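Have a look at the structure below, then the notes.
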Amino acid sequence: MQPPLAELQKAIGYTFKNEELLIGALTHSSYANENLSSGESNERLEFLGDSVLGFIAAEYFYKDRTRLPEGELTKLRAAAVCEKSLFSYSQKINLGSYLFLGKGEIITGGDSRPSILADAFEALLAAIYLDGGMGAAKAFALPFLKISALKSDTLRDHKTTLQEVIQKNPEETLDYVVVAESGPDHNKVFTVEVHLNNNVIGKGKGKSKKIAEQEAAKEALALMGL
Numbered sequence: 011m012q013p014p015l016a017e018l019q020k021a022i023g024y025t026f027k028n029e030e031l032l033i034g035a036l037t038h039s040s041y042a043n044e045n046l047s048s049g050e051s052n053e054r055l056e057f058l059g060d061s062v063l064g065f066i067a068a069e070y071f072y073k074d075r076t077r078l079p080e081g082e083l084t085k086l087r088a089a090a091v092c093e094k095s096l097f098s099y100s101q102k103i104n105l106g107s108y109l110f111l112g113k114g115e116i117i118t119g120g121d122s123r124p125s126i127l128a129d130a131f132e133a134l135l136a137a138i139y140l141d142g143g144m145g146a147a148k149a150f151a152l153p154f155l156k157i158s159a160l161k162s163d164t165l166r167d168h169k170t171t172l173q174e175v176i177q178k179n180p181e182e183t184l185d186y187v188v189v190a191e192s193g194p195d196h197n198k199v200f201t202v203e204v205h206l207n208n209n210v211i212g213k214g215k216g217k218s219k220k221i222a223e224q225e226a227a228k229e230a231l232a233l234m235g236l
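Residue numbering for the sequence shown follows my numbering, starting at 11 and increasing by one per position.
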C-alpha cells in the first residue's frame, strides 16, 4: 500500500507536477533493494538536497543577519542543516509515515530513525527544487530555517558573546551593574546595565540578575550590530 501522497503534499504546501519525483524522494534504499521495479532510492536526491539546503540557508542568514561575521554565519548555517535539525524538520511534517521502507527497516523502526528522516527531508527538498525550481524550494525550506534561527537566538549566550568581542581589545573593561530592583520579594524584577569603561552600552530587565544581565548583553550586541 502506497503512502497517501496527496496528504503529504498538503502538509508541505506544495503539489508536484511530477509525482515520480516525490515517490523517489520517499524511497529508502532498503525498499529499492527489495523492490527492483520501484526505481532508484532517494540517495541521489539527498545528495542534491544537501547542496540546495546549504545554499538557501547561506543566502537566508547572509541577508537576515547583515552584521554577523563569516564565522558566526557559518555556525548558524551548520546548526540549521545538521542531522538533528533536519530530523526535527521532518517530524513537523510527519515525514516518516510516508516513507517507502524495506521490511527490515520497518521492523527496526526506520520510520523514526534520525539519519533516515534527515536524508529524506533533503531528498524531498531536492524533489521540490527539480519539480518547481528554486522559488518553490525556498518557500518550503525557509519556514524551517527561520525556526532554527529563533532557537539559535534563544540558546545564544549573549554575555559570553559580548565578552569574546570585548576581549579582542585587552584594555577594555566590562562590568554588569544592578541599577534597580522592583516588586515584592517573591516576584522581583532586576534592572541591569552593562558598562564598557564606565559607559553604559546596554540595559536589561529580568526576574533574576542573570536574566537581566543576558538582556543587557543582548542589547549591547544589537547596538554593535551583532
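We put the beta carbon where it would ideally sit given N, CA and C, even for glycine.
Keep in mind the model is a prediction, meaning the values are calculated, not measured.
Minimum C-alpha distance to residue i - residue among the options
i, options, result
"Val188", "Gly23, Lys217 and Leu160", "Lys217"
"Val204", "Ala232, Leu58 and Gly34", "Ala232"
"Glu30", "Asp129, Ala136 and Leu206", "Ala136"
"Gln224", "Ser100, Leu78, Gly49 and Thr171", "Thr171"
"Leu127", "Ala227, Glu82, Thr37 and Ala226", "Thr37"
"Glu132", "Gly143, Arg123, Ala147 and Ser122", "Ala147"
"Glu227", "Val202, Asn208 and Ala35", "One detail in the question is off: residue 227 reads as Ala in this sequence, not Glu. The shortest C-alpha separation from Ala227 is found at Val202."
"Ile211", "Glu69, Pro180, Tyr186 and Gly193", "Tyr186"
"Asn52", "Arg87, Leu160, Ala68 and Ser125", "Ser125"
"Tyr291", "Glu17, Asn28, Leu15 and Leu18", "Within the shown structure, residues of the chain are numbered from 11 to 236, placing residue 291 beyond reach of any answer."
"Asn209", "Glu182, Phe57, Phe26 and Ala89", "Glu182"
"Ala159", "Leu18, Asp60, Pro14 and Ala88", "Ala88"
"Ala230", "His196, Asn45, Ala68 and Asp167", "Asp167"
"Met144", "Lys220, Glu69 and Ser48", "Glu69"
"Glu50", "Gly59, Glu17 and Ile33", "Ile33"
"Ala190", "Ala222, Pro180, Leu134 and Gly235", "Ala222"
"Pro180", "Val199, Gly193 and Leu206", "Leu206"
"Ser100", "Leu83, Thr84 and Leu134", "Leu134"
Unbroken beta strand (DSSP E) run spanning residue i, endpoints
i, result
"Leu184", "Leu184 to Ser192"
"Asn43", "Asn43 -> not in any beta strand (DSSP E); alpha helix (DSSP H) instead, spanning Ser39 to Glu44."
"Lys215", "Asn209 to Gly216"
"Leu206", "Val199 to Leu206"
Span of the alpha helix (DSSP H) around residue i
i, result
"His8", "With the chain covering 11 to 236 only, the question about residue 8 has no answer from this structure."
"Glu181", "Taken as a continuous stretch (DSSP letters only), Glu181 belongs to no alpha helix (DSSP H), as it is neither H nor E."
Backbone secondary structure at residue i - three-state DSSP
i, result
"Phe26", "coil"
"Leu233", "helix"
"Pro14", "coil"
"Gly120", "helix"
"Ala222", "helix"
"Gln19", "helix"
"Lys228", "helix"
Check: residue i C-beta below 7 Å from any heavy atom of the ligand MN
i, result
"Leu15", "For the structure depicted, the ligand MN is absent and the ligand set is empty, with no information on it obtainable."
Check: Does the region 68-78 come close enough to the region 104-119 to have 3 or more Cβ pairs within less than 8 Å?
Finding: Contact between the region 68-78 and the region 104-119 is not established, with fewer than three Cβ pairs separated by less than 8 Å.
Note to self: If contact is defined by three or more beta carbon pairs under 8 Å, each pair taking one atom from either stretch, is the region 140-159 in contact with the region 83-96?
What the structure shows: At 8 Å Cβ cutoff, the stretches touch.
Notebook entry, point to check: So, do the region 111-128 and the region 28-42 have three or more beta carbon pairs nearer to each other than 8 Å?
Noted result: With a cut-off of 8 Å, the region 28-42 and the region 111-128 count as touching, because enough Cβ pairs lie within range.
Check: Using 8 Å as the threshold, is the region 114-122 in touch with the region 13-25, meaning 3 or more CB pairs across them?
Finding: As far as the Cβ criterion goes, the region 114-122 does not touch the region 13-25, which means the pair count is below three.
Item checked: Those runs of the alpha helix (DSSP H) which lie wholly inside the region 42-115 and span at least 4 residues -> The alpha helix (DSSP H) runs of length 4 or more contained entirely in the region 42-115 are, from start to end of the chain, 53-74, 80-91 and 93-102.
Next item on the list: Would you be able to state if there are at least three C-beta pairs under 8 Å between the region 56-68 and the region 175-187?
Entry: Result no; under three Cβ-Cβ pairs closer than 8 Å.
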